[in-house]
Amino acid sequence: MTTNNYQLYLERSFLALPVAIVYLVFGLIGAPITFMLLRSTSRLFRTSTGPHLTICLGILLFDFTTSCVFIAMGLSYIIDGTVLALNKWYCSINDIFYVGCLFLSIWYVGLMSFERGLLIIHGISLPSKVWITIMMLELAFFLTINFICVARDDIKLVALGVYCMAAPEKAFGKVILYSYFTLMLLSVLATIYSYIGIAIVLRKRALDLYYSLNIDKDIALKRANRTIFKVLALLASYLVLNGIEIINIATEIITEVDRSPIADFTSICLLNINPIFNSILLITLHDSVRASLVETYPLLSKFSTVAEFSERNTT
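Here it is in structure tokens:
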């Protein structure tokens, strides 16, 4: 596969260097953000280990790793782009850490959304062991199928020439492609169901407060609508960031033709925002995560105070 990889490198798209720069930029932004949040969130485990915190920690671990991999990939290509094409083991490691962390983070966000949805919409709270088991099964599944691909020498350089993944034209590579598509689709559907369901519940609760406690209807609905807008904005952002990748994979499955460099470039640019977006998502939806972040880094309390002051003055 090394000879084929080098040929693919020689025929790489003109977008290779821009992609490497995108990796480097988003890695340098995402790594410190995810590290700060990872450090502050890990402190919460001294007092509580609810299922949502466990999933949050898993997301942050993969996002921090992904951001560091972004930096390594960007620098590697800029310094010597042939390394990935000529080194079989480096290509395999790139697949496991880059593709693995990126997809696992997306799957875990879907899992976190589903956990929140079950609790808020249906009042169902499953033990942490259930969620940890699902997380470990997803991780084990990914590692198993990719190690098999590595053993079969089915990992190849993509047309852009900047990262490696399982060759979809190979039998087992096709299995991986279908697996990624299925898990991503399930994650997106779980997220859509949970966020829309949460928005409906928030609206209903606001009306219940109005009818039962005689709270001013405009105030009750205004507060609820602001939160609902935030939830739906996060959902829309999640769909935009991950939707192109789902379309690309679906197109590859239907046509049995590799995605174009332009399509891959667009998807990569959006997917690379995920570590930063996920950090914003966790801070927005989890009060304990946000509080621990401010407690760990007191300087951020100035921004928090401004936000609270602004929010009070808009009600």
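Sequential numbering from 6 applies to the sequence shown in this note's numbering. The C-beta atom is built at its ideal place from N, Cα and C for all residues, glycine as well.
Burial state of residue i (16 or more Cβ within 10 Å)
| i | result |
| --- | --- |
| residue 130 | exposed |
| residue 249 | buried |
| residue 17 | buried |
| residue 42 | buried |
| residue 120 | buried |
| residue 292 | exposed |
| residue 183 | exposed |
| residue 300 | exposed |
| residue 306 | exposed |
| residue 27 | buried |
| residue 128 | exposed |
| residue 29 | buried |
| residue 193 | buried |
| residue 104 | buried |
| residue 68 | buried |
Sub-9 Å separation of residue i and residue j beta-carbons
| i | j | result |
| --- | --- | --- |
| residue 325 | residue 89 | No answer is possible for residue 325: it lies beyond the span of the chain, which begins at 6 and ends at 320. |
| residue 195 | residue 122 | yes |
| residue 169 | residue 96 | yes |
| residue 246 | residue 45 | no |
| residue 235 | residue 289 | yes |
| residue 115 | residue 191 | yes |
| residue 173 | residue 160 | no |
| residue 38 | residue 113 | no |
| residue 164 | residue 85 | no |
| residue 244 | residue 278 | no |
| residue 10 | residue 93 | yes |
| residue 258 | residue 189 | no |
| residue 62 | residue 50 | yes |
Whole-Å CB distance - residue i paired with residue j, under 8 Å assumed
| i | j | result |
| --- | --- | --- |
| residue 21 | residue 166 | 5 Å |
| residue 147 | residue 109 | 6 Å |
| residue 202 | residue 139 | Between residue 139 and residue 202 the Cβ distance is about 20 Å, and since that is not below 8 Å, they are no contact. |
| residue 268 | residue 253 | 5 Å |
| residue 133 | residue 23 | No, residue 133 and residue 23 are not in contact; Cβ-Cβ is about 42 Å, not under 8 Å. |
| residue 35 | residue 72 | 4 Å |
| residue 118 | residue 200 | 7 Å |
Closer than 8 Å: residue i CB and nearest the ligand ATP heavy atom
| i | result |
| --- | --- |
| residue 274 | What this structure holds is no ligand at all, so the ligand ATP is not there to describe. |
Bridge-paired residues (DSSP) for residue i
| i | result |
| --- | --- |
| residue 171 | 160 |
Complete alpha helix (DSSP H) runs within the segment 66-151 (minimum length 4 residues, chain order): Counting whole runs of 4 or more residues, the segment 66-151 contains the alpha helix (DSSP H) stretches 87-91, 93-99 and 105-127.
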